[in-house]
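Novice: Per our numbering, the sequence shown starts with residue 2, numbered consecutively. Using N, Cα and C, we set each Cβ at its ideal position, and we do this for glycine too.
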Amino acid sequence: MPGPYVVPVHGDEDLPKTCDVVVIGGGIIGCATALELAERGLRVVLCEKGGIGQEQSSRNWGWVRISMRDPREVPLMAESLRMWDGLDARTGRDTGFRRAGIIFTCADEKELADHDRWRSNLQGYQIDTRMLSAREFSDLFPGSNLTMAGALHAAADGRAEPQRVAPAMAEAARDKGATILTECAVRGIELSGGAISGVVTERGSIACQAVVLAGGAWSSLFSGRFGIDLPQLKVMNSVIRTKPLAGGPEETIWARDFAIRKRQDGGYTVASGYDNIVDIVPASFRHARDFLPALRCEWKSLSFRLGGRFLEEARMSRHWPLDEASPFEYDRVLDPVPSKKGQDKAMADLKAAFPVFAKAEIAQRWAGYIDVTPDAVPVISAVEAIPGFHIATGFSGHGFGIGPAAGRLMADIVTGRAPIVDPAAFRFSRFSDGSKIELISGV
Ligand SMILES: Cc1cc2nc3c(=O)[nH]c(=O)nc-3n(C[C@H](O)[C@H](O)[C@H](O)COP(=O)(O)OP(=O)(O)OC[C@H]3O[C@@H](n4cnc5c(N)ncnc54)[C@H](O)[C@@H]3O)c2cc1C
Numbered sequence: 002m003p004g005p006y007v008v009p010v011h012g013d014e015d016l017p018k019t020c021d022v023v024v025i026g027g028g029i030i031g032c033a034t035a036l037e038l039a040e041r042g043l044r045v046v047l048c049e050k051g052g053i054g055q056e057q058s059s060r061n062w063g064w065v066r067i068s069m070r071d072p073r074e075v076p077l078m079a080e081s082l083r084m085w086d087g088l089d090a091r092t093g094r095d096t097g098f099r100r101a102g103i104i105f106t107c108a109d110e111k112e113l114a115d116h117d118r119w120r121s122n123l124q125g126y127q128i129d130t131r132m133l134s135a136r137e138f139s140d141l142f143p144g145s146n147l148t149m150a151g152a153l154h155a156a157a158d159g160r161a162e163p164q165r166v167a168p169a170m171a172e173a174a175r176d177k178g179a180t181i182l183t184e185c186a187v188r189g190i191e192l193s194g195g196a197i198s199g200v201v202t203e204r205g206s207i208a209c210q211a212v213v214l215a216g217g218a219w220s221s222l223f224s225g226r227f228g229i230d231l232p233q234l235k236v237m238n239s240v241i242r243t244k245p246l247a248g249g250p251e252e253t254i255w256a257r258d259f260a261i262r263k264r265q266d267g268g269y270t271v272a273s274g275y276d277n278i279v280d281i282v283p284a285s286f287r288h289a290r291d292f293l294p295a296l297r298c299e300w301k302s303l304s305f306r307l308g309g310r311f312l313e314e315a316r317m318s319r320h321w322p323l324d325e326a327s328p329f330e331y332d333r334v335l336d337p338v339p340s341k342k343g344q345d346k347a348m349a350d351l352k353a354a355f356p357v358f359a360k361a362e363i364a365q366r367w368a369g370y371i372d373v374t375p376d377a378v379p380v381i382s383a384v385e386a387i388p389g390f391h392i393a394t395g396f397s398g399h400g401f402g403i404g405p406a407a408g409r410l411m412a413d414i415v416t417g418r419a420p421i422v423d424p425a426a427f428r429f430s431r432f433s434d435g436s437k438i439e440l441i442s443g444v
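1) In whole angstroms, what is the alpha-carbon distance linking Ala33 and Gly178?
2) Need the endpoints of the beta strand (DSSP E) that Ala260 sits in, please.
3) Taking the continuous beta strand (DSSP E) assigned at Gly447, which residues delimit it?
4) Just the C-alpha distance for Trp64 and Ala425, rounded to the nearest angstrom, thanks.
5) Is the segment 86-93 in contact with the segment 253-266, if contact means three or more CB pairs nearer than 8 Å?
6) Helix, strand or coil for Lys235? Go by DSSP, reduced to three states.
7) Suppose the cutoff is 6 Å on Cβ atoms and the five residues either side in sequence are ignored; what does the same chain contact list for Val282 look like?
8) Starting from the Cα of Ala196, find the closest Cα among Phe138, Asp336, Gly435 and Phe390 and give me that residue.
9) How big is the Cα-Cα spacing for Val380 and Ile25?
10) Would you mind giving the Cβ-Cβ distance between Pro5 and Arg160, rounded to the nearest angstrom? I have them listed as a contact below 8 Å.
11) Quick one: residues in its chain with C-beta nearer than 6 Å to the C-beta of Pro388, no 5 flanking neighbours on either side, listed in chain order?
12) Hey, could you find the ends of the beta strand (DSSP E) Ser198 is sitting in?
13) What do you reckon, are the CB atoms on Thr394 and Gln233 nearer than 9 Å?
14) State the start and end residues of the unbroken beta strand (DSSP E) segment that holds Thr270.
15) Touch check for the segment 346-355 and the segment 205-220: three-plus C-beta pairs under 8 Å?
16) Look at the alpha carbon of Leu147 and the alpha carbon of Ile441, and state the distance between them as a whole number of angstroms.
17) If Ser302 and Gly274 are in contact, beta carbons under 8 Å, what's the gap, nearest whole angstrom?
18) Within 8 Å: the Cβ of Gln365 and any heavy atom of ligand 1?
19) Below 8 Å on the Cβ atoms is my contact criterion, and I expect Gln57 with Gly97 to pass it. Report the Cβ-Cβ distance as a whole number of Å.
20) Could you compute how far the alpha carbon of Asp21 sits from the alpha carbon of Cys209?
21) Verify whether the separation of the beta carbon atoms of Lys235 and Asp372 is less than 9 Å.
22) Tell me the rounded alpha-carbon separation between Leu410 and Thr270.
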């Protein structure tokens, strides 16, 4: 099942022997971090086991939103929204970013009150949101049959093209001097006196003083090899891309049974926030206790299955020698088979709610594994146990929108600059220092 077409980035041929920072992972988080570091004059090497942006960062819905975020992410997301405005100029490339607005419809009065209450998280920010009555929604979308109690409209929110953004950032990082290596898995780290002194890749070693692990769904496997226990699981979500369609909404819309975003080519990305599949894998048992509170809150939007992925992951070595091929070389691009049933239901519900979609033709289907942490908040942090080792991962379904600022924060931490926002909520040590791990409602 081929994923979406991603703007290709051709990797550099030569492996540098030494650099300041190695970034592991060429998704939006790794690329944003590499770009920041390169802009600050550091010698950066980004290593991607497959192609740039081919996992979550190109498979996502393309929503750039502060609305309905976990409050702990709001300050960083406010910075990110500002950064998106300048991203095309900064990278010299078209990312498709537009502040077209996002609307979260509310099925009942309770949801409406909850969404209205959520707006208090934006106090002190100049970010325009308002509640719409059902009538105001129909006035905005006269062709819609959607029944609802009302909606939250965030005009400041935006959308961008996932298949363009990580490649644009990687190319811009290269313009600033970074080396971009594709099909170059990092097998492990090298230590000297307990601190980072380099990495071992499938093409050889690179000496460095700092490493940023931005490996998305692979981060826990990578760090587990040298005893760093990162609680992380994967959730699959399926996506449809339609052919261009005239007359549909400009705004991105979340409804109980579907979620849509207009694409730059005039088509739509169609999915459902409630069609999430959790494959039961060996890691599910290892991390069961960490994830129990989250599973209790989110069970309505999750379905569990025991299938081939269990065996695939059970066969994966967790302790590979660094002079042999690692699991990252056997699985260059995570490309799960989408849930056709869930996709067809979302499409049928969309057509019922917006008859303009009756003529919509499906151009492509794909799925992606979302990497999640127990509190659905990312880790953007140094790892105290290994000086020089950093993690930026676990973006829990929200990493595309927050990506630019997450890269800046990670670069601040690596370079010791005053952080763009207080990084406390994102510290890795929260999972081991007795902190209460809470899932705070958001989407
Ligand atoms: C279906 C779907 C819908 C989503 N919708 C949205 C949305 O609308 N808005 C939003 O903000 N977020 C959304 N997300 C979440 C968002 O896509 C992710 O949070 C974000 O892309 C994570 O970026 P990343 O760089 O951490 O991970 P990834 O994009 O997964 O990149 C990690 C990269 O690391 C590489 N890698 C791993 N291990 C190694 C190694 N050892 N050596 C070299 N390379 C390695 C992988 O090959 C991969 O390319 C969605 C996700 C999905 C799947």
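Specialist: With the given structure in hand:
1) 14 Å
2) Ala260 to Lys263
3) There is simply no residue 447 to check, as the chain begins at 2 and stops at 444 in what is shown.
4) 25 Å
5) no
6) strand
7) Arg310, Phe311 and Glu314
8) Phe390
9) 15 Å
10) With a Cβ gap of about 15 Å, Pro5 and Arg160 do not count as contacting.
11) Ala196
12) Ala196 to Thr202
13) yes
14) Tyr269 to Asp280
15) no
16) 28 Å
17) 6 Å
18) no
19) Not confirmed; about 17 Å, so no contact.
20) 5 Å
21) yes
22) 29 Å
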